[in-house]
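K.L.:
Quick one: the structure is below, questions incoming.
Residue numbers (the working numbering), protein chains in the order written: chain L, 904 to 1141; chain P, 39 to 368.
Okay, here's the thing in structure tokens:
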């Protein structure tokens, strides 16, 4: 890979990272706190590319002694694997990968996210007094599973998630939780009964009551009284 | 020495042969222009999911890769090999663990570790000590530990298991080499770098080179990991991951084949949800210690006779060490 191509590659990669991080698109892939590291990284890559092309003595590849040339050649010669780095930029451009949705949630039904100690503690506190009480899908799941749903009995709750289906015609209010980045996403599902299934992958706000006894072993269920189509939230992963 | 035939021929053919960068520009522009036409053809949920996971791993890992490469570049321009050699004790048996621990202070990508070890040997450092350093520097440095901590939040057990398993692998291999490998022929190609032509230029050149080199392998690892998560049937993954021995061997082979930089492999490991923590640990310990890239560089630098003994030794030690610490700590 020639020196100028390397510079183009560095600039392209840096520019793509900057573009992802300056808006909210990066949130489809990584955590919220990654914004400034990505911006810094993008800037560094672009500066590196400039230094590569125009830094002190960068163009003078006709230096006198052998050792110099060896060193320059050694550094200019990058393995052919480096060409692969064009791929992420091209993929971002062409495919504009969306946030994870029903396709993966339906594939990964065997995974169960273990709640952290903090999540477990939060689940034991009583729900806020508003009616319906806003609850995250993960929180609902944790309360049903680890607390025998004591805090959920008889309470009207409100959740936001996207629709995923299963082979038996049931639909679920679903959310992905991530630890590090979208690659380790684990889906949490709550089965919705009492309402017709909205389109798959549609984001919905659901109001309903916990079906008593459900979720202590498998997937908890919610008896739905109200379904509203909404926009996907800014941060889609919990 | 400087005028080569390619100079002459390229001047003649400049009118006809496009420069490499022009070809690249043309392809990128063509993709950009045809984007609107291509997008509907690429709109498939499996491909979209693969792309999301792929991009996520790459985007998450690149800042850590850049950090690690910058740090390694600073250290390699600031710290000369002479100073390094003065720090190494005379007795090899003590030198080995010292070299192992020294790896903590000196982040170096795998690509640099082979030439560095080679030049250390060229300057009289005992091979066992240099090889221990070769194994430990990419694996136990702070950047790697930080990225492992970020990839596995709330799991200090995995971070410490990785650190200890890698350190023990490096030291054990060093001691075994010292004890048993006295007669193994090692070629001496490298006599060390000459004077540097301006630290800034060398710095920028080495950082760009290391980054591009490592990023290419990161993309490869991310592509494979995303494909595993998207395309391989769940039943196959669960079947392989479910059996302890098969899972460990599968991830050890994966780590060897995929040759990822140690700053980034934790993020790929974290994406393999179906596998046990021990299997992920094996992936993270084997990767920096031995992979196709390292094996071929070592064969090129030290000779095939060396590589034929060194590669299996490191693989086995790394797997056993990771399993032991995985079982004990995780």
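C-beta: ideal position from N, C-alpha, C; glycine also.
1. Could you tell me whether the Cβ of residue 955 (chain L) comes closer than 8 Å to any Cβ of chain P?
2. Between P:345, P:318, P:168, P:180, which lies nearest to residue 285 (chain P) when the distance is taken from Cα to Cα?
3. Tell me which residues share the same chain as residue 202 (chain P) and place their Cβ nearer than 7 Å to its Cβ, disregarding the 5 neighbours each side in the sequence.
4. Measure from the alpha carbon of residue 909 (chain L) to the alpha carbon of each residue in L:934, L:953, L:946, then state which is nearest.
5. Look up residue 974 (chain L) in the DSSP assignment and say whether it is helix, strand or coil.
6. Against chain P, which members of the region 923-942 of chain L pass a CB distance test of less than 8 Å?
7. Fully enclosed by the region 1078-1132 of chain L, which beta strand (DSSP E) runs are 3 residues long or longer?
8. Please classify residue 143 (chain P): is it buried, with 16 or more other beta-carbons within 10 angstroms of its beta-carbon, or exposed?
9. Where are the alpha helix (DSSP H) runs, 4 residues long or more, that stay fully inside the region 291-325 of chain P, in chain order?
10. Here's a check: name, in chain order, each residue in its chain whose Cβ is nearer than 6 Å to the Cβ of residue 928 (chain L), leaving out the five neighbours to either side.
11. Return the first residue and the last residue of the beta strand (DSSP E) that residue 1068 (chain L) is part of.
12. What does DSSP give as the partner residues of residue 933 (chain L) in its beta bridges?
13. Comparing C-alpha positions only, which one of L:1135, L:950, L:1085 sits nearest to residue 311 (chain P)?
14. Give me, in chain order, the residues of the same chain whose beta-carbon lies closer than 6 Å to that of residue 1068 (chain L); leave out the 5 immediate sequence neighbours on both sides.
15. Determine the chain L residues that contact residue 188 (chain P) at a beta-carbon separation under 8 Å, and present them in chain order.
16. By the three-class DSSP mapping on this structure, what secondary structure does residue 1036 (chain L) have?
17. For the region 904-917 of chain L, which residues have a CB atom closer than 7 Å to at least one CB atom of chain P, in sequence order?
18. Determine, using beta carbons only, whether residue 1143 (chain L) comes closer than 8 Å to chain P.
19. Beta-carbon within less than 6 Å of residue 1129 (chain L)'s beta-carbon, same chain only, minus the 5 sequence neighbours each way: which residues are those?
20. Check for me: the alpha helix (DSSP H) holding residue 329 (chain P) runs from which residue to which?
21. Which residues in the same chain as residue 268 (chain P) place their Cβ atom closer than 8 Å to its Cβ, once the five residues preceding and following it in sequence are excluded?
22. Quick one: Cα of residue 129 (chain P) to Cα of residue 138 (chain P), how far?
23. Which class does residue 1140 (chain L) belong to by DSSP, given the choice of helix, strand or coil?
24. Taking Cβ positions only, does residue 1010 (chain L) come closer than 8 Å to chain P?
25. Name the DSSP beta bridge partners of residue 1075 (chain L), please?
26. How would you list, in chain order, the residues of chain P whose beta-carbon sits under 7 Å from the beta-carbon of residue 1087 (chain L)?
27. Where does the unbroken alpha helix (DSSP H) through residue 269 (chain P) begin, and where does it stop?
28. Are the Cβ atoms of residue 930 (chain L) and residue 1137 (chain L) separated by less than 8 Å?
29. With DSSP run on the structure shown, which of helix, strand or coil describes residue 1054 (chain L)?
30. Taking the alpha helix (DSSP H) that residue 883 (chain L) falls in, what are its first and last residues?
31. Give the range of the alpha helix (DSSP H) segment to which residue 128 (chain P) is assigned.
32. What residues from the region 153-166 of chain P come within 8 Å of chain L, judged by C-beta to C-beta, listed N to C?
33. Would you check if the distance between the CB atom of residue 1091 (chain L) and the CB atom of residue 1044 (chain L) is smaller than 8 Å?
34. Within a Cβ cutoff of 6 Å, which residues of the same chain sit near residue 111 (chain P), ignoring the five residues on either side of it in sequence?
P.N.:
Reading from the atomic positions:
1. In the first chain, counting from the first residue as 1, residue 955 (chain L) sits at position 52. So yes, residue 955 (chain L) belongs to the interface.
2. Walking along the second chain from the start, residue 285 (chain P) turns up at place 247. Per the Cα distances, P:318.
3. Position 164 of the second chain, counted from the start, is the residue given in the question as residue 202 (chain P). Closer than 7 Å at the Cβ level, and outside the excluded window around residue 202 (chain P), lie 363.
4. If you number the first chain from 1, residue 909 (chain L) lands on position 6. For residue 909 (chain L), the nearest C-alpha among the options comes from L:953.
5. Here residue 974 (chain L) refers to the residue found at position 71 when the first chain is read from its first residue. At residue 974 (chain L) the pLDDT is 48, less than 50, meaning the model places this residue with poor confidence and gives no usable figure here.
6. 923, 929, 931, 932, 933, 937, 940, 941
7. Within the region 1078-1132 of chain L, the complete beta strand (DSSP E) segments of 3 residues or longer fall at 1089-1096, 1106-1113, 1124-1132, listed in chain order.
8. If you number the second chain from 1, residue 143 (chain P) lands on position 105. So residue 143 (chain P) ends up on the exposed side.
9. 303-309
10. Stepping through the first chain from its first residue, residue 928 (chain L) is reached at position 25. So no residue of the chain qualifies.
11. Here residue 1068 (chain L) is taken as the residue at index 165 of the first chain, counted from 1. Here the beta strand (DSSP E) through residue 1068 (chain L) covers 1059-1068.
12. Against the first chain, residue 933 (chain L) aligns to sequence position 30. Paired residue(s): L:1084.
13. Residue mapping note: residue 311 (chain P) aligns to position 273 of the second chain, counting from 1. Measuring from the Cα of residue 311 (chain P), the nearest candidate turns out to be L:1085.
14. Within the first chain, numbered from 1, the residue matching residue 1068 (chain L) stands at position 165. Excluding residues within five positions, the ones whose Cβ falls inside 6 Å are 1074, 1103.
15. Taking the second chain and counting its residues from 1, one reaches residue 188 (chain P) at position 150. Chain L residues near residue 188 (chain P): 1083.
16. Taking the first residue of the first chain as position 1, residue 1036 (chain L) is located at position 133. DSSP places residue 1036 (chain L) in strand when its eight states are reduced to three.
17. 905, 907, 908, 909, 911, 912, 913
18. Residue 1143 (chain L) falls outside the range modelled here, since chain L spans only 904 to 1141, and no answer is possible.
19. The residue you call residue 1129 (chain L) lines up with position 226 of the first chain. Hits under 6 Å: 1110.
20. Stepping through the second chain from its first residue, residue 329 (chain P) is reached at position 291. From DSSP, residue 329 (chain P) is part of no alpha helix (DSSP H); its letter is neither H nor E.
21. Within the second chain, the letter at position 230 stands for residue 268 (chain P). 84, 87, 88, 91.
22. The count along the second chain starts at 1 and reaches residue 129 (chain P) at position 91. The count along the second chain starts at 1 and reaches residue 138 (chain P) at position 100. Going from the Cα of residue 129 (chain P) to the Cα of residue 138 (chain P) covers about 14 Å.
23. Along the first chain, one-based indexing puts residue 1140 (chain L) at 237. Correct three-state label for residue 1140 (chain L): coil.
24. Position 107 of the first chain, counted from the first residue, corresponds to residue 1010 (chain L). Answer yes: the Cβ-Cβ gap between residue 1010 (chain L) and chain P drops below 8 Å somewhere.
25. On the first chain, position 172 is the one that residue 1075 (chain L) refers to. Under DSSP, residue 1075 (chain L) takes part in a beta bridge, and its partners are L:1067, L:1094.
26. Start at 1 with the first residue of the first chain, and residue 1087 (chain L) comes out as number 184. Chain P residues near residue 1087 (chain L): 308, 309, 311.
27. Taking the second chain and counting its residues from 1, the one referred to as residue 269 (chain P) is at position 231. Neither: residue 269 (chain P) is in no alpha helix (DSSP H) and is coded neither H nor E.
28. Taking the first residue of the first chain as position 1, residue 930 (chain L) is located at position 27. Taking the first residue of the first chain as position 1, residue 1137 (chain L) is located at position 234. The answer is yes: Cβ separation under 8 Å.
29. Locating residue 1054 (chain L) in the first chain gives position 151, where the first residue counts as 1. If DSSP states are grouped into helix, strand and coil, residue 1054 (chain L) belongs with coil.
30. Chain L is shown from 904 up to 1141; residue 883 (chain L) falls before or after that span and cannot be answered.
31. Residue mapping note: residue 128 (chain P) aligns to position 90 of the second chain, counting from 1. No alpha helix (DSSP H) contains residue 128 (chain P), which DSSP labels as neither H nor E.
32. none
33. Numbered from its first residue, the first chain carries residue 1091 (chain L) at position 188. Numbered from its first residue, the first chain carries residue 1044 (chain L) at position 141. In this structure, residue 1044 (chain L) lies closer than 8 Å to residue 1091 (chain L) by Cβ.
34. Position 73 of the second chain holds residue 111 (chain P). Excluding positions up to five away in sequence, the list reads 241, 244, 245.
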